[in-house]
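J.:
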Amino acid sequence: MTTGTDIRLGIDKAFSDFAKAVALLSDQVYASPQGEKWSAAQHLDHLIRATRPICQAFSLPGFVLRICFGKANRVSRSYDDMVARYTAKLSNGGRAGGRFVPPVKGLPARDAQVSAFLHLGKKLQQKAARCSEEKLDSYILPHPLLGKITLREMLFFTIYHTRHHQQLLPQT
Numbered sequence: 035m036t037t038g039t040d041i042r043l044g045i046d047k048a049f050s051d052f053a054k055a056v057a058l059l060s061d062q063v064y065a066s067p068q069g070e071k072w073s074a075a076q077h078l079d080h081l082i083r084a085t086r087p088i089c090q091a092f093s094l095p096g097f098v099l100r101i102c103f104g105k106a107n108r109v110s111r112s113y114d115d116m117v118a119r120y121t122a123k124l125s126n127g128g129r130a131g132g133r134f135v136p137p138v139k140g141l142p143a144r145d146a147q148v149s150a151f152l153h154l155g156k157k158l159q160q161k162a163a164r165c166s167e168e169k170l171d172s173y174i175l176p177h178p179l180l181g182k183i184t185l186r187e188m189l190f191f192t193i194y195h196t197r198h199h200q201q202l203l204p205q206t
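Read left to right, the sequence shown gives residues 35 to 206 (our numbering).
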């Protein structure tokens, strides 16, 4: 996965696979926490909370990204390198915090959440499609665990992050 087109297809597949996995869960399994672990509803809410600011950032013009966050001083890492960095951070105790932690109760209905999630995925694909390969490698965004990463790396992260949370979903 190297080009913007590959990345957009990866986002589409990761988001649709996650939505399908959530749809297969019973209402009880969907809503129930798994011991100390999040419920499927909380995983879905977390992914929405994580993706929304990325979509917003991809709406900004390059000069705003440069002023707010700077420009890359290195080449973008590969998908595999990003996954390795992220899993290492998780292994060292990295966890979601602050606004990225879903509430325990009061989550919207599953259909509304899945629809919002899939809409964000499509929106991110559209916004990424407007970025040149150069822009994907030139501008950076802050990530709570990974520090400053390029736009391309943020898209790689989003794909892996979605897959990671799918693997954490309870089994039916």
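A virtual CB, placed ideally from N, CA and C, is assigned to each residue, including glycine.
What's the gap between the Cα of Lys71 and the Cα of Phe97?
T.: 41 Å
J.: Excluding the five sequence neighbours on either side, which residues of its own chain have a C-beta within less than 6 Å of the C-beta of Ala91, listed in chain order?
T.: Leu175
J.: Let me know if Lys54 comes out buried or exposed under the rule of 16 or more other beta-carbons within 10 Å of its beta-carbon.
T.: Within a 10 Å sphere around the beta-carbon of Lys54 sit fewer than 16 other beta-carbons, which makes this residue exposed.
J.: Compare the Cα-Cα distances from Ile82 to each of Gly104, Leu59, Ala146 and report the closest residue.
T.: Ala146
J.: I need the DSSP call for Pro136, collapsed to helix, strand or coil.
T.: Coil.
J.: Contact defined as beta carbons within less than 8 Å: I believe Ser73 pairs with Ala65. What is the distance between those atoms, to the nearest angstrom?
T.: Taking 8 Å as the upper bound for CB-CB distance, Ser73 and Ala65 are in contact here, some 6 Å apart.
J.: Could you tell me which of Leu59, Gly132, Gly44 sits nearest to Tyr194, measuring between CA atoms?
T.: Gly44
J.: Going by DSSP in three states, Leu99 sits in which element: helix, strand or coil?
T.: helix
J.: Can you tell me which of Met116, Leu99, Phe191 puts its alpha carbon nearest to the alpha carbon of Phe49?
T.: Phe191
J.: Can you grab the Cα-Cα spacing for the pair Arg197 / Ile101, in whole Å?
T.: If you take the alpha carbons of Arg197 and Ile101, they lie about 32 Å apart.
J.: So Gly155 is in the alpha helix (DSSP H); what residue range does that whole segment cover?
T.: 144 to 163
J.: Could you work out which residue in Leu78, Pro87, Arg86 is closest to His199 when comparing CA atoms only?
T.: Leu78
J.: Do you know how far the Cα of Val135 is from the Cα of Asp46?
T.: 24 Å
J.: Pairs of beta-carbons, one from the stretch 176 to 187 and one from the stretch 120 to 127, closer than 8 Å: are there three or more?
T.: yes
J.: Which residue marks the beginning of the alpha helix (DSSP H) containing Leu203, and which one marks its end?
T.: Segment: none, Leu203 is in no alpha helix (DSSP H) and carries neither H nor E.
J.: Thinking just about the alpha-carbon of each residue, which of Ala130, Ser110, Gly131 is nearest to the one in Thr37?
T.: Ser110
J.: Using C-beta distances below 8 Å, list every residue in its chain close to Val148, excluding the 5 sequence neighbours before and after it, in chain order.
T.: Ala53, Val56, Ala57, Leu78
J.: Apart from the five residues just before and just after Leu141, which ones in its own chain have a Cβ nearer than 6 Å to its Cβ?
T.: Ala75, Asp79
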